[in-house]
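Residue numbers (this note's numbering): 13 to 259. Reading through the structure tokens given below for one structure.
This is the structure we're talking about:
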């Protein structure tokens, strides 16, 4: 199976949905989560319930966020992101469903309304009570000046980065939108996901069972490879640059 075959599938598609995982962002210097040397091998995840219940755990989370130790934000989009952005700009790709929290699809030029974030976004924070958005730079400045944990400037509620933590419910709106786009597509393209985290990993099979073609580009094999019409164990940047070249 070849890169040329993927290019043909994309060209023939009327409505493409792209589904991305950590593998698309490693070329931007963002570590993945589960592999040796990944984020969770270096620091233990803090569950949502711990964050809410414990001031000590909240402080630990914010220390991680403000120090940039997780390495999730502040990087630049790579060739894979730019190729996906070109497909969106051409009207070929209807939506980008992502498990990533790094904001790199938006940074590559994909309109925010086209990006469906299943696990949230680490580039800003929200109040858990009223939902008000807070910018990380402002929260960091206040924290460094006072040592006080971030609190909502409107209602005083607990503020958390806008990511979905372990133990936190999946976001209802994005999950519904992702299902709608999955059922509307005729080609579902997975880029850089190990497809082991559910319910997000259920979307490729949902598309396939609904009659869409399924293509998977990932460095390592996935459990869904046997169901795919095309599987490429290859580097995403070169594959997608060939499949969606600059015009």
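The beta-carbon is built from N, C-alpha and C at its ideal position, and this holds for glycine as well. Predicted, not measured: the structure shown is a model, and the values here were computed from it.
Give the DSSP-derived three-state secondary structure of residue i in the structure shown.
i, result
"residue 259", "coil"
"residue 147", "strand"
"residue 234", "coil"
"residue 56", "coil"
"residue 170", "strand"
"residue 208", "coil"
"residue 161", "coil"
"residue 200", "strand"
When the distance is taken between beta carbons, is residue j closer than 8 Å to residue i?
i, j, result
"residue 177", "residue 111", "no"
"residue 171", "residue 139", "yes"
"residue 141", "residue 179", "no"
"residue 90", "residue 40", "yes"
"residue 105", "residue 28", "yes"
"residue 77", "residue 158", "no"
"residue 255", "residue 95", "yes"
"residue 231", "residue 35", "yes"
"residue 1", "residue 161", "Since the displayed the chain opens at 13 and closes at 259, residue 1 lies outside it and no answer follows."
"residue 129", "residue 43", "no"
"residue 248", "residue 237", "no"
"residue 93", "residue 116", "yes"
Here's the rule I'm using: 16 or more other beta-carbon atoms within 10 Å means buried, otherwise exposed. How should residue i be labelled?
i, result
"residue 120", "buried"
"residue 61", "exposed"
"residue 165", "exposed"
"residue 32", "buried"
"residue 245", "exposed"
"residue 88", "exposed"
"residue 197", "buried"
"residue 221", "exposed"
"residue 118", "buried"
"residue 235", "exposed"
"residue 103", "exposed"
"residue 184", "exposed"
"residue 257", "exposed"
"residue 70", "buried"
I need the boundaries of the alpha helix (DSSP H) containing residue i, first residue and last residue.
i, result
"residue 194", "184 to 196"
"residue 260", "As displayed, the chain neither begins before 13 nor continues past 259, which places residue 260 out of reach and without an answer."
"residue 66", "Element bounds for residue 66: n/a, residue is neither H nor E."
Go to residue i, then tell me how far its beta strand (DSSP E) extends in each direction, as first and last residue.
i, result
"residue 217", "No beta strand (DSSP E) holds residue 217; the alpha helix (DSSP H) holding it covers 215 to 221."
"residue 31", "28 to 32"
"residue 225", "225 to 229"
Original post:
Which runs of the beta strand (DSSP E) fall wholly inside the region 94 to 147 and span at least 3 residues, in chain order?
Top reply: 105 to 110, 127 to 129, 132 to 139, 145 to 147
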